[in-house]
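One structure is given here, and the rest of the page talks about it.
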Amino acid sequence: MGRSDLAIRAALALLLFGACRQAPRAATRQAPVEAVPQLTRSDRLLLAAASIALPPEGVAPGDLPEPRSRGAQLVVAYCAQCHALPTPLAHSATDWPGVARRMWLRMEWLPDSLKVQVPSMAERYEMLQYLTVNALKVSGAVLPPGKGRDEFALVCSRCHALPDVRVHSAADWAVVYARMERNIERMKLAPPTGQQAEDILSYLRTAAGGGRAARPGAK
Ligand code: HEC
Ligand code: HEC
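This is the structure we're talking about:
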């Protein structure tokens, strides 16, 4: 709670700062800005909505797949300016282009006074390449049968596409599942019920890939 209040206050400060410093440019562009901008209800709604399902805290540059690659270094340089460092594993290769497009827009059209570093076209290409090559591996159209399949399909597709159950061994899924519960909390979603958690874990155990754990993205 305290932390999210802080985040919202920081966002408000940014917004106010940007609006004040930008008055002349904004005036020539479009609607005139009043002397002291009041936060309207929709400003507050937007800030609150934008803080849900943001990349969760806790990913360090060294945790990224291929951390020494240029793609990873560009993501570290550009993508942690407004929120916590995102990892390519947070989205499927199909979803990354759409997410990246929103991010390019947001970086490009912020007021200059906020001094956001904007990547060149070549750098965007490299980042998108890196994000898609190291992306979350998604499940096929047909899920292996098993108790808990529906709960898995429901809960595990909320923030990213439904993952491939074969990428981890039964033992590793317990660890990944615990991390997802932490993501759910940090990204401000409601946790699964006790029964859902039990069913999903038992489904992951039965449908899991066997043998050596495959960490997607990692070599
Ligand atoms: C100028 C600020 C800014 C920068 C820089 C930025 N983001 Fe974001 N990002 C946002 C905002 C605002 C949101 C919440 C609204 C939304 O999801 O579009 C967000 C949300 C996200 C989310 C969570 C939403 C989702 O669809 O999963 C991901 C993942 C993300 N950003 C990845 C990135 C990546 C990757 C980069 C670098 C290429 C990046 N961001 C750079 C502002 C930024
Ligand atoms: C609140 C949003 C959210 C929900 C709900 C969620 N995830 Fe994730 N997931 C993430 C984020 C963020 C990442 C990237 C960071 C990380 O790996 O923790 C991720 C990454 C992953 C990865 C790739 C990383 C790895 O270690 O293999 C797998 C697999 C995964 N999730 C499985 C699941 C499963 C299974 C569920 C359902 C129990 C689930 N996720 C529900 C946010 C979520």
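All the letters of the sequence shown, read from the start, carry residue numbers 2 to 220 under our numbering.
The beta-carbon is built from N, C-alpha and C at its ideal position, and this holds for glycine as well.
Inter-residue spacing [alpha-carbon to alpha-carbon] between residue i and residue j
i, j, result
"A154", "Y204", "10 Å"
"R206", "M104", "36 Å"
"E186", "S158", "16 Å"
"K138", "L106", "26 Å"
"E199", "G141", "23 Å"
"R71", "A94", "18 Å"
"L202", "L163", "15 Å"
"Q196", "A136", "30 Å"
Residue burial classification, residue i (beta-carbon count within 10 angstroms, cutoff 16)
i, result
"A179", "exposed"
"P57", "buried"
"I53", "exposed"
"M181", "buried"
"T29", "At T29, the pLDDT of 45 sits below 50, so the modelled position is not reliable; the number obtained from the coordinates is stated separately. Result: exposed."
"V176", "exposed"
"A208", "buried"
"L40", "exposed"
"Y79", "buried"
Any non-hydrogen atom of ligand 1 closer than 7 Å to residue i Cβ
i, result
"C80", "yes"
"L111", "yes"
"A101", "yes"
"P87", "yes"
heavy atom of ligand 2 below 7 Å from residue i C-beta
i, result
"I53", "no"
"M104", "no"
"L129", "no"
"A91", "yes"
"N184", "yes"
"H169", "yes"
"H161", "yes"
Check: residue i C-beta below 7 Å from any heavy atom of ligand 3
i, result
"V77", "Among the ligands modelled here, namely ligand 1 and ligand 2, ligand 3 does not occur."
Within the chosen definition, does the segment 87-94 reach the segment 110-130 through at least 3 CB pairs nearer than 8 Å? no
Can you give, in chain order, each stretch of the alpha helix (DSSP H) that sits fully within the segment 139-166 and has at least 4 residues? 150-156
What runs of the alpha helix (DSSP H), each 4 residues or longer, lie entirely inside the segment 39-68? Segments of the alpha helix (DSSP H) lying fully in the segment 39-68: 42-51.
Along the chain, which unbroken stretches of the alpha helix (DSSP H) at least 4 residues long are found entirely within the segment 180-213? 195-208
Please specify which runs of the alpha helix (DSSP H), each continuous and at least 4 residues long, are wholly inside the segment 85-112, giving them in chain order. 97-109
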